[in-house]
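Those protein sequence lines, which keep their order, are chains A and B. Using my numbering, you'd call the opening residue of the first sequence number 1 and step up by one each time. Using my numbering, you'd call the opening residue of the second sequence number 304 and step up by one each time. In this text, a Cβ means the ideal position worked out from N, Cα and C, and glycines have one as well.
2 protein chains.
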Amino acid sequence: MSTTLRGVLSPVVTPFDTDLQPDVARFVRHCRWLLERDVGLAVFGTNSEGNSLAVREKIALLEALVAAGLPPARMMPGTGCCALTDTVDLTRRAVALGCAGVLMLPPFYYKGVSDDGLFASYSEVIQRVGDARLRIYLYHIPPVSQVSITLPLIERLLAAYPGTIAGVKDSSGDMANTRAMLERFQPRGFDVFAGSENYLLATLRGGGAGCISATANVNPAAIAELARTWQASDADAKQAALDAVRAVFQKLPMIPALKAAIAHYGRDDGWATVRPPLVPLTAEQRAGLFAALQPTGFAMPGL
Amino acid sequence: MSTTLRGVLSPVVTPFDTDLQPDVARFVRHCRWLLERDVGLAVFGTNSEGNSLAVREKIALLEALVAAGLPPARMMPGTGCCALTDTVDLTRRAVALGCAGVLMLPPFYYKGVSDDGLFASYSEVIQRVGDARLRIYLYHIPPVSQVSITLPLIERLLAAYPGTIAGVKDSSGDMANTRAMLERFQPRGFDVFAGSENYLLATLRGGGAGCISATANVNPAAIAELARTWQASDADAKQAALDAVRAVFQKLPMIPALKAAIAHYGRDDGWATVRPPLVPLTAEQRAGLFAALQPTGFAMPGL
Numbered sequence: 001m002s003t004t005l006r007g008v009l010s011p012v013v014t015p016f017d018t019d020l021q022p023d024v025a026r027f028v029r030h031c032r033w034l035l036e037r038d039v040g041l042a043v044f045g046t047n048s049e050g051n052s053l054a055v056r057e058k059i060a061l062l063e064a065l066v067a068a069g070l071p072p073a074r075m076m077p078g079t080g081c082c083a084l085t086d087t088v089d090l091t092r093r094a095v096a097l098g099c100a101g102v103l104m105l106p107p108f109y110y111k112g113v114s115d116d117g118l119f120a121s122y123s124e125v126i127q128r129v130g131d132a133r134l135r136i137y138l139y140h141i142p143p144v145s146q147v148s149i150t151l152p153l154i155e156r157l158l159a160a161y162p163g164t165i166a167g168v169k170d171s172s173g174d175m176a177n178t179r180a181m182l183e184r185f186q187p188r189g190f191d192v193f194a195g196s197e198n199y200l201l202a203t204l205r206g207g208g209a210g211c212i213s214a215t216a217n218v219n220p221a222a223i224a225e226l227a228r229t230w231q232a233s234d235a236d237a238k239q240a241a242l243d244a245v246r247a248v249f250q251k252l253p254m255i256p257a258l259k260a261a262i263a264h265y266g267r268d269d270g271w272a273t274v275r276p277p278l279v280p281l282t283a284e285q286r287a288g289l290f291a292a293l294q295p296t297g298f299a300m301p302g303l
Numbered sequence: 304m305s306t307t308l309r310g311v312l313s314p315v316v317t318p319f320d321t322d323l324q325p326d327v328a329r330f331v332r333h334c335r336w337l338l339e340r341d342v343g344l345a346v347f348g349t350n351s352e353g354n355s356l357a358v359r360e361k362i363a364l365l366e367a368l369v370a371a372g373l374p375p376a377r378m379m380p381g382t383g384c385c386a387l388t389d390t391v392d393l394t395r396r397a398v399a400l401g402c403a404g405v406l407m408l409p410p411f412y413y414k415g416v417s418d419d420g421l422f423a424s425y426s427e428v429i430q431r432v433g434d435a436r437l438r439i440y441l442y443h444i445p446p447v448s449q450v451s452i453t454l455p456l457i458e459r460l461l462a463a464y465p466g467t468i469a470g471v472k473d474s475s476g477d478m479a480n481t482r483a484m485l486e487r488f489q490p491r492g493f494d495v496f497a498g499s500e501n502y503l504l505a506t507l508r509g510g511g512a513g514c515i516s517a518t519a520n521v522n523p524a525a526i527a528e529l530a531r532t533w534q535a536s537d538a539d540a541k542q543a544a545l546d547a548v549r550a551v552f553q554k555l556p557m558i559p560a561l562k563a564a565i566a567h568y569g570r571d572d573g574w575a576t577v578r579p580p581l582v583p584l585t586a587e588q589r590a591g592l593f594a595a596l597q598p599t600g601f602a603m604p605g606l
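1. I need the straight-line Cα distance from B/G348 to B/W574, nearest angstrom please.
2. Is it buried or exposed for B/K472, if we count other Cβ within 10 angstroms and need 16 for buried?
3. Between which residues of its own chain and A/D115 is the CB-CB distance below 8 Å, once the five residues before and five after are set aside?
4. Confirm, please, whether the CB-CB distance from B/L584 to B/I558 is below 7 Å.
5. Compare the Cα-Cα distances from A/Q127 to each of A/L103, A/K111 and A/T85 and report the closest residue.
6. For my contact list, B/A469 and B/G511 are in at a C-beta cut-off of 8 Å; report their separation, rounded to the angstrom.
7. For B/K414, go through chain A and note every residue whose CB falls closer than 7 Å to its CB, in chain order.
8. Can you tell me the Cβ-Cβ gap for A/N217 and A/L258, rounded? I've got them flagged as a contact below 8 Å.
9. Quick one: list the residues of chain B neighbouring A/L84, beta-carbon separation under 8 Å, in chain order.
10. Helix, strand or coil: how does DSSP classify B/S313 here?
11. From the DSSP output, in three-state form, read off B/G573 for me.
12. Thinking B/L344 and B/R377 are a contact (beta carbons under 8 Å), I'd like their distance in whole angstroms, please.
13. Ignoring anything shorter than 4 residues, give me the alpha helix (DSSP H) runs that lie fully in the stretch 402–482 of chain B, in order along the chain.
14. Compare the beta carbon distance of A/G206 and A/L242 with 7 Å and say whether it is the shorter of the two.
15. Cβ closer than 8 Å: which chain C residues qualify as neighbours of A/D116?
16. Helix or strand or just coil, what does DSSP make of A/G210?
17. In the DSSP assignment, the beta strand (DSSP E) including A/V192 goes from what residue to what residue?
18. Given a cut-off of 7 Å, decide if A/R135 and A/S2 are closer than it, judged by their beta-carbon atoms.
19. The beta strand (DSSP E) spanning A/L41 covers which residue range?
20. At a CB-CB cut-off below 8 Å, which residues of chain B make contact with A/E57?
21. Establish whether the CB of B/E366 and some CB of chain A are separated by less than 7 Å.
22. What residues from chain B crowd round A/S121, counting only those whose CB sits closer than 8 Å?
23. Taking 6 Å as the cut-off, is the CB of B/T481 close to at least one heavy atom of the ligand GDP?
24. Answer with buried or exposed for A/R133, where buried requires no fewer than 16 other C-beta atoms within 10 angstroms of its C-beta.
25. What does a CB cutoff of less than 6 Å around A/S171 pick up in its chain, not counting 5 residues either side in sequence?
26. Can you tell me the Cβ-Cβ gap for B/L461 and B/F493, rounded? I've got them flagged as a contact below 8 Å.
27. For the candidate residues A/V43, A/T87, A/G80 and A/L90, whose alpha-carbon lies nearest to that of A/P71?
28. Leaving out five residues before and five after A/C82 in sequence, what residues of the same chain have Cβ atoms less than 8 Å from its Cβ?
29. Could you check which residue in A/R32, A/V28 and A/T79 has the C-alpha nearest to that of A/A64?
30. Can a CB atom of chain A be found closer than 7 Å to the CB of B/E427?
31. With a 10 Å radius around its C-beta and 16 neighbouring C-beta atoms as the bar for buried, classify A/K251 as buried or exposed.
32. Considering only residues of the stretch 331–399 of chain B, which uninterrupted beta strand (DSSP E) runs meet the minimum length of 3 residues and lie entirely inside it, listed in chain order?
33. Using only CA atoms, which one of B/S351, B/V391 and B/V358 lies nearest to A/Q21?
34. Helix, strand or coil, according to DSSP, for B/F488 in the structure here?
35. Within 7 Å (strictly less), CB to CB, does B/P410 reach chain A?
36. Count the other CB atoms within 10 Å of the CB of A/S233; is the residue buried (16 or more) or exposed (fewer)?
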């Protein structure tokens, strides 16, 4: 666990310029806006199009954030790639820059791999990075990666690397699995993050650390507020309000919908660009998104 | 299509040294052994652990093959990565080195992407590489990539880039799909390769170009012979003999089994190493493999 990486983090969406290159200025601005709303920076996650970026592009963006004065203590970059050597290069750089943790996908091209193979993979990364400051949050997102972080695998990794294996993001969408992680591992200082704010209250009530959620890109203040005040009597009502906003985004392809919202509410069309294989929302989808958000009182003040 | 990339190619297995780094000398030696048996070099495929290699590692290996005097006219490196920029970098280098074609996976992290998004992805690569020598073989392997190259997508790509879209490797394992590709696209000079020698004879009888097969790493001469003599009266018997060998390997995890065979028949234990997340065969699996191969008359002369 880390003391600076609790509560709510966002897999920060990555802006691209007209040539599809990462847009550093917009990226820094959005990261700052999130931090000001008490949301940490899980850059290069699934919803960041992190796997549509080359390792060198991710390193350049991370260096730009740190150079802009943003605190690496609030950063948990995604560093898990298909190739062991890429994961090591990116993780090493993240640690050297002072990032408080990294969110690490298992290698995800080969399917049906064994826990032995995944254990070996994480072990090799830990040993090759060889830095006591390394804190790894395991990234369990079977609907996308198709490679699972099982409970027995966590058990083995925690036993072998208790200081380094710091937690998990559970994006299985299966609260029974999150509960099992909370019960077995959270008491040992292994921080369990829900993969969506839908499960934020349940995760916090179960002793967990918070959530790492796509929609924290657009609804950061309200999500972070629930994380701070979850023991108050209005917590269930606040959870319901978060769910209403999330439901609107979830009806559309998530990444282009997040970017369309930032473009719209921030009056900055450049934000709508996605890298292939993703495609932007159609005009009809965009109109539907904004119409559906209106009754929820959704806004993005200060954007 | 290419005139030098027909018949049988192998996704050449990648040897690693004790530090899990690619072993250039063993790699060149195995590539040469395959070429001498009339098998082309589809390096960095699925069975090459291609996606466990960083782009820089793949470029270094490709440069080493060319520097060793191996003919790029017989090379079809896998260059499709998750990130557009990685695919462009690697493809550009392959073309510059004179490779007759590249085998290109779709970006495979994001699932459920649209044909529009995949079309945009291939289009961007073609335009950014910007070289008339580029020949792309689309790589359809849904069991692993989980992202399909559909018939309508091929239709659109062929219409837009008739000189560049050169063919497909169909590793769906669905001969009905291969047949559909053969009927619709092969007559237009789009070369259809089966993803396994199990379908070699059927593919050639359907007018196809050949196969790109994992087991061509270990049984190259016999597979290449059927590709040359498929119109002879003993073709079905030859196909059955190939199938018998393939069936033995297919009962085990394919990549470690191929490497175990090369290590055993080539008397070179160093070959057995795989990169995580794969794991080597157990001693029991190895013994089972060699015992099952014996009645097939399997051998690897000249290794």
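Let me spell this out:
1. Your numbering for residue 348 of chain B matches position 45 in the second sequence. Your numbering for residue 574 of chain B matches position 271 in the second sequence. Rounded to whole angstroms, B/G348 to B/W574 spans 17 Å at the Cα level.
2. Sequence index remark: in the second sequence, residue 472 of chain B carries index 169 (1-based). Classified as buried, B/K472 has 16 or more neighbouring CB atoms from the shown chains inside 10 Å of its CB.
3. One-based indexing of the first sequence puts residue 115 of chain A at position 115. Counting only Cβ-Cβ distances below 8 Å, and skipping sequence neighbours, we find T150, P152, L153 and R156.
4. Taking the second sequence and counting its residues from 1, one reaches residue 558 of chain B at position 255. Taking the second sequence and counting its residues from 1, one reaches residue 584 of chain B at position 281. Not closer than 7 Å, so no.
5. Here residue 127 of chain A refers to the residue found at position 127 of the first sequence. Closest by alpha carbon: A/T85.
6. Counted from its first residue, the second sequence places residue 469 of chain B at position 166. Counted from its first residue, the second sequence places residue 511 of chain B at position 208. No, B/A469 and B/G511 are not in contact; Cβ-Cβ is about 13 Å, not under 8 Å.
7. The residue given as residue 414 of chain B occupies position 111 in the second sequence. Under the 7 Å cutoff, chain A gives V144.
8. Residue mapping note: residue 217 of chain A aligns to position 217 of the first sequence, counting from 1. Residue mapping note: residue 258 of chain A aligns to position 258 of the first sequence, counting from 1. About 5 Å; that satisfies the 8 Å criterion.
9. For this step, residue 84 of chain A is matched to residue 84 along the first sequence. Under the 8 Å cutoff, chain B gives L323, S355, R578 and P579.
10. By 1-based counting over the second sequence, the position of residue 313 of chain B is 10. Three-state result, B/S313: strand.
11. As a working note, residue 573 of chain B is residue 270 in the second sequence. B/G573 carries a helical assignment under DSSP once its states are collapsed to helix, strand and coil.
12. Reading the second sequence from its first residue, position 41 is the one you call residue 344 of chain B. Reading the second sequence from its first residue, position 74 is the one you call residue 377 of chain B. With a Cβ gap of about 6 Å, B/L344 and B/R377 count as contacting.
13. 418–432, 445–448 and 454–463, all fully within the stretch 402–482 of chain B.
14. Position 206 of the first sequence, counting from 1, holds the residue named residue 206 of chain A. Position 242 of the first sequence, counting from 1, holds the residue named residue 242 of chain A. Between A/G206 and A/L242, the CB-CB gap reaches or exceeds 7 Å.
15. Of the protein chains in this structure, namely A and B, none is chain C.
16. Working through the first sequence from its first residue, we reach residue 210 of chain A at position 210. For A/G210, the secondary structure class from DSSP, reduced to helix, strand or coil, is strand.
17. Position 192 of the first sequence holds residue 192 of chain A. A/V192 -> beta strand (DSSP E) spans D191 to A194.
18. Indexing the first sequence from 1 puts residue 2 of chain A at position 2. Indexing the first sequence from 1 puts residue 135 of chain A at position 135. One thing to note: A/S2 has its Cβ within 7 Å of the Cβ of A/R135.
19. Position 41 of the first sequence, counted from the start, is the residue given in the question as residue 41 of chain A. That run of the beta strand (DSSP E) goes V39 to L41.
20. For this step, residue 57 of chain A is matched to residue 57 along the first sequence. Under the 8 Å cutoff, chain B gives A386 and T388.
21. Counted from its first residue, the second sequence places residue 366 of chain B at position 63. In terms of beta-carbon proximity, B/E366 stays away from the interface with chain A, with every pair separated by 7 Å or more.
22. Numbered from its first residue, the first sequence carries residue 121 of chain A at position 121. Taking a Cβ-Cβ threshold of 8 Å, the residues of chain B close to A/S121 are P579 and P580, in chain order.
23. Of the ligands one can find in the structure shown there are none, so the ligand GDP has no counterpart to examine.
24. As a working mapping, residue 133 of chain A is identified with position 133 in the first sequence. It counts as exposed.
25. One-based indexing of the first sequence puts residue 171 of chain A at position 171. In the same chain as A/S171, and ignoring 5 residues on each side of it, the C-beta atoms closer than 6 Å to its own belong to I141 and G195, in chain order.
26. Counting from 1 along the second sequence, the entry for residue 461 of chain B is found at position 158. Counting from 1 along the second sequence, the entry for residue 493 of chain B is found at position 190. The pair is a contact, with the Cβ atoms about 6 Å apart (cut-off 8 Å).
27. As a working mapping, residue 71 of chain A is identified with position 71 in the first sequence. Out of A/V43, A/T87, A/G80 and A/L90, A/V43 has the C-alpha closest to the C-alpha of A/P71.
28. Along the first sequence, read from residue 1 onward, the residue named residue 82 of chain A stands at position 82. Taken in chain order, the residues that qualify are P107, F108 and Y109.
29. Here residue 64 of chain A refers to the residue found at position 64 when the first sequence is read from its first residue. Of the candidates A/R32, A/V28 and A/T79, the residue whose Cα lies closest to the Cα of A/A64 is A/V28.
30. Stepping through the second sequence from its first residue, residue 427 of chain B is reached at position 124. In terms of beta-carbon proximity, B/E427 lines the interface with chain A, with at least one pair separated by less than 7 Å.
31. Translated into the one-based positions of the first sequence, residue 251 of chain A becomes position 251. By the neighbour-count rule (16 or more Cβ atoms within 10 Å), A/K251 is not buried but exposed.
32. If only complete runs of 3 or more residues are kept, the stretch 331–399 of chain B shows the beta strand (DSSP E) at 342–344, in order along the chain.
33. For the purposes of this step, residue 21 of chain A is taken as the residue at position 21 of the first sequence. That would be B/V391, whose Cα lies nearest to the Cα of A/Q21.
34. Here residue 488 of chain B corresponds to residue number 185 of the second sequence, with the count starting at 1. Of the three classes helix, strand and coil, the one that applies to B/F488 here is coil, per DSSP.
35. Within the second sequence, residue 410 of chain B is the residue found at index 107, counting from 1. Answer yes: the Cβ-Cβ gap between B/P410 and chain A drops below 7 Å somewhere.
36. As a position in the first sequence, residue 233 of chain A is number 233, starting the count at 1. Only exposed fits A/S233, as fewer than 16 other CB atoms lie within 10 angstroms of its CB.
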